[in-house]
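Just so we're aligned, residue 1222 is where the sequence shown starts under the working numbering, counting upward by one.
To start, the structure itself, in structure tokens.
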Amino acid sequence: MFITFEGLDFCGKSTQVQLLEKYLIDEGKQVIIIREPGGTSISEKIRDILLDKKNSEMKFETEALLFAASRAQLVNQTIIPALEKNVFVISDRFHDSSIAYQSFGRGLSLDFVKELQKFAIKNAIPRITFFIDIPVDEVVRRMSKVKKVELDRIESSKVDFYDRVRNGYIELSSNEKRFVVLDGLLPIPKLHEQIVTEIKLRM
Ligand code: TYD
1222 MFITFEGLDF CGKSTQVQLL EKYLIDEGKQ VIIIREPGGT SISEKIRDIL
1272 LDKKNSEMKF ETEALLFAAS RAQLVNQTII PALEKNVFVI SDRFHDSSIA
1322 YQSFGRGLSL DFVKELQKFA IKNAIPRITF FIDIPVDEVV RRMSKVKKVE
1372 LDRIESSKVD FYDRVRNGYI ELSSNEKRFV VLDGLLPIPK LHEQIVTEIK
1422 LRM
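Pasting the structure below:
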């Protein structure tokens, strides 16, 4: 089964990915965890280019293509072979991140970004996608806790960006049946319980 986790930065995806991995392993399943962008040596190199603060001149188009390139490598090298062996694949972000961030967030054409995903992922469509939803002011709260600074002008302008990304996720999840929307403000164990319930329904 191919399972993906989506949501804004600081929504708590990574914690839930780890808890689900442990649950499935305890159930005797074979599981691989993937983080996007990354997951293969080529994709990790692309990740470094994408996340490097020195690359501030990167154009949105370049960014979208690099995310797709990283994903195409991961799908063909890792995800498809694992699914063929009936291994559970859990990905911390996948193609919906590109639709939410590059199209809704950055403003690139929705049709183009969707087509690009089709090209990159082929038939590797997740069986279930957990969208862990938190309000944007909660992102800001969690972000400022980590950075221990008040938000400056640039960081505040990110609020608009996150608003658009969140709206993108909300739109995607209302249009596609594979989405399960979870309240990211719930306590960690409660969220995990809801995730396990949804997985059991599909096993
Ligand atoms: P990362 O440090 O992995 O953040 P997170 O733990 O929140 O996943 O950085 C990934 C960043 O890249 C994150 O801000 C979301 C963004 N992103 C996109 O813009 N498009 C994509 O297709 C993907 C996979 C990630």
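All C-beta atoms in this analysis are idealised placements derived from N, C-alpha and C, irrespective of residue type, glycine included.
For Gln1251 and Leu1240, the gap between their C-alpha atoms comes out near 15 Å.
Taking all protein chains shown into account, Asp1317 has 16 or more neighbouring C-beta atoms within 10 Å of its C-beta and is therefore buried.
The beta carbon of Glu1265 is closer than 7 Å to those of Gly1259 in its chain, skipping five residues each way along the sequence. Counting C-beta atoms within 10 angstroms of its own C-beta, Thr1225 has 16 or more neighbours from the protein chains shown and is therefore classed as buried. In the structure shown, the three-state DSSP call for Val1308 is coil. At a cut-off of 4 residues, the continuous stretches assigned as alpha helix (DSSP H) that sit fully inside the region 1222-1297 are 1234-1247, 1262-1272 and 1281-1295. In the DSSP assignment, no residue is bridged to Val1367. DSSP places Phe1352 within a strand segment (E or B) once states are collapsed to three. At a cut-off of 7 Å, the beta-carbon of Phe1288 counts as near ligand 1: some heavy atom of the ligand is closer than that.
At least one heavy atom of ligand 1 lies closer than 7 Å to the C-beta of Pro1258. Within the same chain, and ignoring the five residues on either side of Arg1268 in sequence, the residues whose Cβ sits closer than 8 Å to its Cβ are Pro1258, Gly1259 and Ser1291.
With a threshold of 16 other beta carbon atoms within 10 Å, Asp1354 meets it and is buried.
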